[in-house]
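In case it helps, my numbering puts the sequence shown at residues 246 to 658.
Input: a single structure, listed below in structure tokens.
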Amino acid sequence: MQRIVFYSWQSDLNGKCNRNLIQDALVRSLKAIKKDETETLEPVLDRDTNGLNGSPSISESIFNKISLSDVFVADVSIINGRSEDKKTPNPNVLIELGYAVSQLGWDRVIMVQNTFYGSPEELPFDLRGRRVIAYTMDPDSDSKPEVRSLLQGRLETALRESLSDSSQGAISSGLNAPIWWGEWYKDNRRSNFGKLFIRETSSNGFLFDLVVMNGSHSGSITGEAVFVARDSAYARIKIPGSNEFGELSFRRSIFDGKRYIRISETVSCQYWRGMGAFFDGEFRCAEDHLFLFGFANEMELQRLYNVMGQYYFELKKVMEQIGEHDNLDTFVAKAYQGGVRGLYTIAEGMVMFGRDGEIWAIYLNDGEIRYFTNVHKWKKTIPKTFEQWRERFPEIEINYGGDISTLPTQEDL
């Protein structure tokens, strides 16, 4: 699979020591990765407006290329080392670097610095401590082959790591994987409560329901947010009967394995809420263990919700301790079983994910078994994998599907 590595270079410094040397090392690194039989990636190098026809807008074209790349490499060498002014890398490189971070995240950004012109400590404050591949090359030195070899080795290691991360795409899962979809809660105090439910996501944004309470005062708002960066989104909602708009910003983060969304609101959002019931604040993800343990990604969770509707939340509660299960059926699918510790045979369930988007789900809770699938021929028949699971409580009848809704009611919120 082809992966694009974008190279942001500068021409302020000697090309022999920087632009050409780094590009040569990048090309050699990517060739080495491509030749590795253990790799299925096909990395290619891209830069500025290379390969574009006509006379494109340079800045717009570069930004488009950056947003479509998998890894961003920037030469952040100090360009004014002899000046008494504040030391800085090339301004254009810094602009492209900032845009790359907003689109790709720091884990897919690699900075390279020739320390002959300045040390890492002289970099702008927010770049210090980030991943910087340092090398030293004097314009008058004859050690280019040795320096290039060292730089190539360091770049190859960093590229393998970043390319591996990018191959996971936006549908990764696990302890440190980002997610938008799902339930998010602010505080647990009964008198000060907030719930965010992001119930539909796409490559451009998401649909959300937001409810807050503070004592007897409450507020609610439903709207669409668009992504402005990998971890940020923005919503602009028209106030009925007015030319004004309410604005909300969303920023997600992960800290110590816990996922958060920070919401900020404009004053005009008070139209949708009572006094003191603010929309802004920090909301923590109500984790789904299928996602947390790396068994299902964000897309699969959303598909599961679309199949089960409001019953998804019951399945989520009973799937507490989760593990893989053998697939006893002839179709290709991954099976997982889970239950509440100490309450197996009372609260437990199973889920199967097919390779082409098929889903089968079954769970036991409050003495009732419910079964769901998006495969028509399995609507009234459970897979063999589920039949074996059900042998422990054959006296309980199966409720096939039911009246489901993916639109939350006020009680749900």
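By construction, the Cβ of each residue, glycine as well, lies at the ideal position given by its N, Cα and C atoms.
Under the three-state DSSP convention, the category residue i falls into
i: I591; result: coil
i: M544; result: helix
i: S407; result: helix
i: R376; result: coil
i: G554; result: helix
i: N459; result: strand
i: I649; result: coil
i: V563; result: helix
i: K431; result: strand
i: F631; result: helix
i: N644; result: strand
i: R507; result: strand
i: N298; result: Unreliable positioning characterises N298 in this predicted model, as indicated by a pLDDT of 44, which lies under 50. A coordinate reading is not provided.
i: C262; result: coil
i: R586; result: coil
i: V488; result: Here the sequence assigns Asn to residue 488, which means Val is not the residue at that position. Looking at N488 - three-state DSSP - the assignment turns out to be coil, as it is neither helix nor strand.
i: F538; result: coil
i: I323; result: coil
i: F308; result: helix
i: R529; result: strand
i: H621; result: helix
i: F638; result: coil
i: Q268; result: helix
i: R475; result: coil
i: D257; result: coil
i: G419; result: coil
i: D501; result: coil
Proximity below 9 Å, CB of residue i to CB of residue j
i: F540; j: K579; result: yes
i: T626; j: D571; result: no
i: D320; j: L408; result: no
i: I278; j: L404; result: yes
i: S322; j: L258; result: yes
i: M553; j: I649; result: yes
i: R376; j: I355; result: yes
i: A478; j: R496; result: yes
i: G526; j: G460; result: no
i: V250; j: F317; result: yes
i: P369; j: T333; result: yes
i: R373; j: D269; result: no
i: N542; j: S418; result: yes
i: Q255; j: N309; result: no
i: F598; j: E545; result: yes
i: R518; j: V457; result: yes
i: L441; j: L455; result: yes
i: V585; j: K562; result: yes
i: L313; j: S253; result: no
i: G427; j: A345; result: no
i: G612; j: I641; result: yes
One or two residues paired with residue i in a DSSP bridge
i: L290; result: V250
i: K332; result: None, per the DSSP bridge assignment.
i: M520; result: Note: M520 sits in no beta bridge, so no partner.
i: V596; result: Y581 and A606
i: C514; result: In DSSP, C514 forms no bridge with anything.
i: E445; result: L452
i: T467; result: D454
i: I278; result: DSSP output for I278 lists no bridge partner at all.
i: I439; result: Per the sequence presented here, residue 439 reads as Gly, with Ile not at that position. G439 pairs with K431 and V457.
i: E613; result: N610
i: V316; result: V250
i: I424; result: I424 is not bridged to any residue.
i: F495; result: A478 and I508
i: E569; result: Y581
Rounded Cβ spacing between residue i and residue j (contact assumed at less than 8 Å)
i: Y616; j: I643; result: 5 Å
i: L493; j: E469; result: The pair is not a contact, with the Cβ atoms about 11 Å apart (cut-off 8 Å).
i: R475; j: Y505; result: Actually they are not in contact, since the Cβ atoms of R475 and Y505 sit about 15 Å apart, beyond 8 Å.
i: L266; j: M382; result: 6 Å
i: Y556; j: T651; result: The pair is not a contact, with the Cβ atoms about 11 Å apart (cut-off 8 Å).
i: Q547; j: G568; result: Actually they are not in contact, since the Cβ atoms of Q547 and G568 sit about 23 Å apart, beyond 8 Å.
i: G491; j: S513; result: 5 Å
i: L400; j: I378; result: 6 Å
i: N359; j: N263; result: 6 Å
i: R635; j: T590; result: About 11 Å separates the two Cβ atoms, so there is no contact after all.
i: M564; j: L535; result: 6 Å
i: I499; j: P390; result: Actually they do not touch by this definition, with Cβ atoms about 42 Å apart.
i: A606; j: V620; result: Wrong, their Cβ atoms sit about 11 Å apart, outside the cutoff.
CB contact check: residue i to chain C, cutoff 9 Å
i: T333; result: Although the question refers to chain C, the structure presented lacks it and comprises just one protein chain.
Enumerated in chain order, which unbroken segments of the beta strand (DSSP E) with a length of 3 residues or greater are wholly contained in the segment 337-390?
You should have 354-359 and 377-380.
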